[in-house]
Ligand SMILES: C[S@@+](CC[C@H](N)C(=O)[O-])C[C@H]1O[C@@H](n2cnc3c(N)ncnc32)[C@H](O)[C@@H]1O
């Protein structure tokens, strides 16, 4: 039983070819431009609402204090920015940084609809995570949610994250990962390779393949331990991680 499930899964993986480093940015950006309008609703449907819970935990671990400058990298539709802005309070500052104009536009419209008496101002900035346009040591906290899996050069993005953080500044990465229990892993893979792409397409009408790219890119991304090593190699200290929902998602934390 286990053998045939795993063969089936491998067969499925072969049907979607992930883009190589050279064309990844173009392919990924085209997908997010197409998915932007339905991105929030799809996130909620496909994760059964869990992404809100994961994001609250990420911001809890980030340790934002009043007055902090917080960068929400690959911030898309600004969910994490809004949570961070409440913690940074009136005298803080939050930057939602993303390469994709359509995602930022949805985020900006959402921010305009949310009352802001007690939260930090949020600016949206179109910028590549691999070449950030911020000064060295200018940011107190940096969070990235479901973003680093999508950049073309992971090590370059991590080097930029390290560069823009102040010494002692904290970095939290929320990303899909590898479920730790074998049965849970198989069930999750069946869901993500067979059911998720179908629901994703129905809800968003997407034709770019983003919901086939999603499980394939998750399967390719380094597991919890490997990713911890990569973050350490980028110069961070006190790097640890916490599994959420049995390891479907992991929160990695590091300090500059
Ligand atoms: C899955 S969405 C995550 C959005 C948001 N952080 C969230 O958790 O809902 C990934 C985002 O990463 C952005 N992205 C991908 N590659 C990027 C890059 N090289 N630089 C900046 N943003 C990038 C995409 O445009 C997209 O908005």
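Residue numbers (the numbering used here): 20 to 275. Quick reminder that beta carbons are idealized off the backbone N, C-alpha and C, glycines included. Given the structure is predicted, the values throughout are model-derived calculations rather than measurements.
Distance cut-off 7 Å: residue i Cβ against heavy atoms of ligand 1
| i | result |
| --- | --- |
| residue 200 | no |
| residue 177 | no |
| residue 238 | no |
| residue 192 | no |
| residue 99 | yes |
| residue 96 | yes |
| residue 79 | no |
| residue 76 | no |
| residue 61 | no |
| residue 205 | no |
| residue 143 | no |
Status (buried if at least 16 other CB within 10 Å, exposed otherwise) for residue i
| i | result |
| --- | --- |
| residue 234 | buried |
| residue 96 | buried |
| residue 36 | exposed |
| residue 51 | buried |
| residue 39 | exposed |
| residue 84 | exposed |
| residue 106 | buried |
| residue 214 | exposed |
| residue 45 | exposed |
Residue j beta carbon less than 8 Å from that of residue i
| i | j | result |
| --- | --- | --- |
| residue 194 | residue 153 | no |
| residue 151 | residue 191 | no |
| residue 219 | residue 110 | no |
Identify every run of the alpha helix (DSSP H) within the region 142-221, keeping only runs that are complete inside it and at least 4 residues long; order them along the chain. Taking only runs of at least 4 residues, the alpha helix (DSSP H) segments lying wholly in the region 142-221 are 173-183 and 201-209.
Three or more C-beta pairs below 8 Å linking the region 246-257 and the region 207-215: no
4-residue-minimum alpha helix (DSSP H) runs that sit fully inside the region 62-125, ordered along the chain: 69-81 and 98-107
Determine contact between the region 91-108 and the region 62-78, defined as no fewer than three beta-carbon pairs at a distance below 8 Å. yes
Do the region 128-141 and the region 159-173 make contact, defined as three or more Cβ pairs closer than 8 Å? no
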